[in-house]
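Please read the structure below before turning to the comments.
Residue numbers (the numbering used here): 2 to 109.
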């Protein structure tokens, strides 16, 4: 019977594969399912390709987005990357957090 030392590298490689590949993938899948459950008409979203739009309707696994007034596209719900906060940030909160205001950026 071979000693444990010969199997140790194989066990370490399998453990690294699990923690570096499988576990993060499962976490991303769970986050995507949670995001899809929160989708509703009226939300501003961004797709995985960077298109911003307003959800107009949801049918099965397809979402209808209004990307411009009167312009609608259909995407798979899995293509929604995130829900975007539709309220614009005021400039005072940007400068309080250390960021430059729009007027400062335009001048500099």
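Beta carbons: idealized from backbone N, C-alpha and C, even for Gly.
For a test of the three-state rule: what should DSSP assign to residue i, helix, strand or coil?
i: residue 6; result: helix
i: residue 77; result: strand
i: residue 60; result: strand
i: residue 55; result: strand
i: residue 69; result: strand
i: residue 27; result: helix
i: residue 40; result: coil
Taking residue i as the reference, which of the options has the closest Cα?
i: residue 77; options: 7, 6, 37 and 22; result: 37
i: residue 1; options: 62, 22, 33 and 55; result: Past the edges of the chain, shown from 2 to 109, lies residue 1, and the structure says nothing about it.
i: residue 86; options: 34, 47, 71 and 28; result: 47
i: residue 71; options: 57, 61, 63 and 62; result: 57
Taking only beta-carbon atoms, is residue i less than 8 Å away from chain D?
i: residue 73; result: In the structure shown, chain D cannot be found, because there is only a single protein chain.
Which residues does DSSP list as the beta-bridge partners of residue i?
i: residue 48; result: 81
Below 8 Å on the Cβ atoms is my contact criterion, and I expect residue i with residue j to pass it. Report the Cβ-Cβ distance as a whole number of Å.
i: residue 40; j: residue 52; result: Not confirmed; about 15 Å, so no contact.
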